[in-house]
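Chemist:
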Amino acid sequence: MRKLVSKPSVFAASIWGSLGAYLSVRSSFGMGVRLISFNPIRLLAAFAGIAVAVTVMFVELGLLTGLLNSQALMASVIRGELVVMSEARTHLHKWDNMNPIRINQITAVEGVEEIIPVYQRNMGLRDPDTNAVRRILALAFPPEDLPIAIGDPEVIIQALTTPNTILFDRRSRPIYAEMVIGEEAEINDQPYRVGGFVDLGPDIIHDGIVVMSDASLFGHDPNVRPIMGVIRISEGAVLEDVRGNIVTSLPDDISIFTPDELHRREIEFTLGSAPIGFLFGIGMLAGLVIGSITCYQILFNEIVDRLRQYATLKAMGFSEMFLRGVIVEQALLLAVGGFAGGLVFAWVSYAYIANRTALAVKISAGSITFIFVLAAGMCIAAGLLALRRVSAADPAELY
Amino acid sequence: MSAVAADAQHGEVSSQGSHTGPMVVARGVEYAFGTDANPKPILKSVDFTLEPGEFVILTGPSGAGKTTLMSLIGALRTVQTGSIKVLGTELEGLSPIGQRDVRRRIGFIFQDHNLFDALTAFQTLRLAMELIEPHPSYDEALVRARAIMEPLGMAEELNSQPGQLSGGQKQRVAIARALINEPALILADEPTASLDQGSAGAVIGIVRERITRSRAAALMVTHDTRLFSVADRVVRMEDGRVTDSN
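For the record, the sequence lines run as chains A and B.
Using the working numbering, you'd call the opening residue of the first sequence number 7 and step up by one each time.
Using the working numbering, you'd call the opening residue of the second sequence number 516 and step up by one each time.
Printed below as a string of structure tokens:
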């Protein structure tokens with residue numbers, strides 16, 4: 007009996023060799039598809055089983071990436087080349103403010119065009135219908151220019167330059183009262199005019215966000231300190247030179263990053279501080295196991311039902327590699343069909359999850375590719391395992 | 516290089532019916548099932564020869580060793596003791612790839628049709644034709660398929676799947692599959708068991724015609740005494756030995 011070898015290169019060579027032997031027999035192309043689709047009910051059941059596994063993998067991956075992206079959201083919307091923050095602020099959800107003097111000091115550094123301070127503060131938004139006050143994150147900055155990409159800059163700047171105006175994040179969780187442009191919203195017992203909406207999204211800590219000018223925030227707390235500064239460098243300045251100038255000319259109580267570095271640091275921190283990668287990885291593994299077992303069972307039954315036919319092919323002189331090709335083709339059909347079904351289920355699931363959690367759960371080209379590779383690998387591996395039964399088919403038993 | 520072409524390097528693949536000299540020469544063949552410690556002998560010093568153009572029927576009681584001898588000649592089992600030369604190739608000590616290459620030059624007809632339920636008769640025949648080099652085109656394959664199916668009364672069933680055929684029709688498709696590549700040697704195990712007398716006669720006629728036309732040879736296991744008259748020779752086996760050959 008043929009033994010499967012676990013080395014990836016040998017495994018890949020085996021699949022490649024099987025397909026090569028199979029495809030060289032031209033008229034047989036599509037034979038695996040013809041065989042497995044002969045019983046459409048069984049095929050649909052197989053697709054459904056694999057689709058469930060694919061959906062599980064998609065959902066687990068979507069939750070993980072959605073969670074990570076939501077946690078690192080601020081880093082991904084920065085409109086600047088560099089970000090500076092307190093050295094003690096080891097992740098974006100740690101609220102160590104900067105010394106405001108640093109903002110002024112950085113303004114004077116060679117190569118810095120401008121630095122925009124960003125403030126944040128937890129505030130209470132009152133629901134006028136129930137009178138309940140719900141916590142909401144307030145982001146504030148000078149309204150002359152936007153440090154973060156949250157919508158049309160002109161519209162936002164125009165709204166924020168109007169005193170006591172807020173912009174509401176339309177992707178906030180639906181726990182707040184409905185916001186209507188031009189109407190009043192009460193925040194920390196003070197009336198504000200709703201000037202429009204922005205697009206940001208909550209994370210696992212904050213349910214919603216309002217954006218206001220720094221002047222409006224100072225009205226609540228004149229001593230509020232910046233949480234970070236977004237730096238734009240002068241035209242022609244070299245990023246690393248500017249960074250070096252800032253680091254050498256300022257005390258070491260600040261950290262400085264590019265937006266990409268900050269995003270990466272946030273992802274790494276989230277993955278390192280909580281076992282979510284492991285937990286969602288276990289979930290994906292469960293999907294992989296479910297799919298593998300389903301695929302194996304289907305292909306095993308297909309082979310057992312046609313064992314004498316496969317033995318006849320061996321007697322006629324068809325190679326083992328050719329038979330593998332037939333099974334690999336069947337496995338690939340199961341992978342493609344199951345994946346297509348799973349993608350549809352996942353799309354519906356993502357829409358539901360995004361609606362319920364407001365997390366940035368999205369199907370991306372990367373996740374589609376990743377899950378398809380997993381699904382195809384899962385089905386091919388299951389097929390090669392089931393193939394051991396074909397290897398055991400003895401043509402001498404036909405007489 | 517295709518895998519089939521690569522396989523061809525290990526032996527002749529497409530030289531159907533071109534062999535000269537005896538088709539099969541078996542000398543002192545012994546074969547046993549069971550373990551080394553407790554062997555159960557099936558064949559006992561069997562000598563057997565099959566010449567080109569010969570149609571030989573192998574008969575005898577159940578358990579006489581007919582099927583085992585046939586599977587050894589067909590390179591479906593590995594020779595344990597003795598020598599078997601098939602189409603000029605010594606099977607004793609032959610590698611699995613070498614055995615496979617010998618099998619490609621043999622037309623096997625089994626008692627069961629063993630057809631894939633999802634393939635039409637033409638697809639079944641075309642699959643078999645892919646074992647020869649060069650691969651015939653679709654049109655060539657269609658011509659060959661019609662040529663083999665017409666004498667079997669199956670020309671209208673090329674696009675039928677096994678589920679649409681009677682038992683006898685399925686067996687005729689299986690026979691066509693065995694003969695489509697004009698094998699040098701035909702090994703048949705009760706090929707007419709599921710056929711009516713007319714169909715059985717047609718099948719034997721086709722086998723006979725192939726043998727005559729291409730100097731091939733056929734070895735057929737059967738208990739059907741009606742067929743003995745059309746054979747060149749009837750070989751009887753009993754208890755693992757050839758007891759009569761005339």
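Every residue gets a Cβ at the ideal spot worked out from N, C-alpha and C, and that includes glycine.
(1) Which one of A:G202, A:Y125, A:D195 has the shortest CA to CA distance from E184 of chain A?
(2) Taking 8 Å as the cut-off, decide whether the C-beta atoms of A636 of chain B and M669 of chain B are in contact.
(3) Report the residues of the region 719-747 of chain B with a CB closer than 7 Å to any CB of chain A, ordered along the chain.
(4) Cα separation between N361 of chain A and I262 of chain A?
(5) State whether the region 60-71 of chain A contacts the region 663-680 of chain B, with contact taken as three or more CB pairs (one from each stretch) at a distance under 8 Å.
(6) Determine the chain B residues that contact L41 of chain A at a beta-carbon separation under 9 Å, and present them in chain order.
(7) Does the beta carbon of T596 of chain B come closer than 8 Å to any beta carbon on chain E?
(8) List, in order along the chain, the chain B residues whose C-beta lies closer than 7 Å to that of P401 of chain A?
(9) If you run the structure through DSSP and keep just helix, strand and coil, what is R596 of chain B?
(10) Run the CB neighbour count on R32 of chain A, radius 10 Å, all protein chains shown included, and call it buried at 16 or more, exposed below.
(11) Please check if any C-beta of chain B sits within less than 8 Å of the C-beta of L404 of chain A.
(12) When you compare only the Cα positions, how much space is there between L404 of chain A and R314 of chain A?
(13) What does the alpha-carbon distance come out to for the pair Q524 of chain B and Y653 of chain B?
(14) To which residues does DSSP link G622 of chain B through a beta bridge?
(15) Quick one: does N290 of chain A have its CB under 8 Å from some CB of chain B?
(16) Using 8 Å as the limit for Cβ to Cβ distance, is A579 of chain B near chain A?
(17) Less than 8 Å between the C-beta atoms of P123 of chain A and G250 of chain A, yes or no?
(18) Is E184 of chain A helix, strand or coil by DSSP?
(19) Quick check on the burial criterion: 16 or more other C-beta atoms within 10 angstroms. Buried or exposed for L285 of chain A?
(20) Just mark R618 of chain B as buried or exposed, buried being the case when its beta carbon has 16 or more other beta carbons within 10 Å.
(21) Specify the secondary structure class of T583 of chain B as computed by DSSP and reduced to three states.
(22) Going by CA-CA distance only, name the one from A:T113, A:I309, A:V248, A:V244 that's closest to A398 of chain A.
(23) Can you name, in chain order, every residue of its own chain whose Cβ lies under 7 Å from the Cβ of G287 of chain A, other than the five neighbours on each side?
(24) Interface residues of chain A around L646 of chain B at Cβ under 9 Å?
(25) Just to check my reading of the structure: A59 of chain A and G323 of chain A have Cβ atoms closer than 8 Å, yes? What is that Cβ distance to the nearest angstrom?
(26) What residues of chain B sit near Q315 of chain A, judged by a beta carbon separation below 8 Å?
(27) In chain order, what residues of the same chain have a beta carbon less than 6 Å from the beta carbon of V139 of chain A, not counting five sequence neighbours either side?
(28) Are there 16 or more other CB atoms within 10 angstroms of the CB of P811 of chain B, so buried, or fewer, so exposed?
(29) How would you label S709 of chain B, buried or exposed, when you count the other beta carbons within 10 angstroms and need 16 or more for buried?
(30) Closer than 7 Å between beta carbons: that is the criterion. Which residues of the region 43-58 of chain A meet it against chain B?
(31) Would you mind telling me which residues of chain A sit closer than 7 Å to F563 of chain B, beta carbon to beta carbon, in chain order?
(32) Count Cβ pairs between the region 150-157 of chain A and the region 183-199 of chain A that sit closer than 8 Å; are there 3 or more?
(33) Which ranges would you report for the beta strand (DSSP E) in the region 316-389 of chain A if only whole runs of at least 3 residues count?
(34) Cutting at 7 Å between CB atoms, please list the residues of its own chain near P232 of chain A, excluding the five before and the five after it.
(35) Quick one: list the residues of chain A neighbouring M585 of chain B, beta-carbon separation under 9 Å, in chain order.
(36) Can you give me the start and stop residues for the alpha helix (DSSP H) that Q684 of chain B sits inside?
Modeler: Considering the structure as presented:
(1) A:G202
(2) Yes. Within cutoff.
(3) none
(4) 35 Å
(5) no
(6) F631, D632, A633, L634
(7) Note that chain E does not occur in the displayed structure, where the protein chains are A and B.
(8) L591
(9) The displayed chain sequence assigns Thr, not Arg, to residue 596 of chain B. Correct three-state label for T596 of chain B: strand.
(10) Bear in mind that a pLDDT of 48 at R32 of chain A, under 50, signals an unreliable position, so the number given afterwards is only what the model happens to contain. It counts as exposed.
(11) Chain B has a Cβ within less than 8 Å of the Cβ of L404 of chain A.
(12) 7 Å
(13) Model confidence at Q524 of chain B stands at a pLDDT of 35, short of 50, so the residue's coordinates are unreliable; what they give is reported in the following sentence. Roughly 25 Å separates the two Cα atoms.
(14) B:I701
(15) Position check: residue 290 of chain A holds Met in this sequence, whereas Asn was assumed. Under the Cβ criterion of 8 Å, M290 of chain A is not counted among the residues facing chain B.
(16) no
(17) no
(18) coil
(19) exposed
(20) Answer is buried; the Cβ neighbour count reaches 16.
(21) DSSP places T583 of chain B in the helix class (H, G or I) of the three-state scheme.
(22) A:I309
(23) none
(24) V31, M322, G323, F324
(25) Going by Cβ atoms, the distance from A59 of chain A to G323 of chain A rounds to 37 Å, so no, they are not a contact pair.
(26) N629, L630, F631
(27) If we look at V139 of chain A and ignore the five residues flanking it on each side, its Cβ neighbours are G130, R132.
(28) Outside the modelled stretch of chain B, which goes from 516 to 761, sits residue 811 of chain B, for which no answer is possible.
(29) buried
(30) F44
(31) Chain A residues near F563 of chain B: none, gap ~16 Å exceeds 7 Å.
(32) no
(33) none
(34) Around P232 of chain A: N103, M104, P106, I109, P123, V124, Y125.
(35) Y405
(36) 682-694
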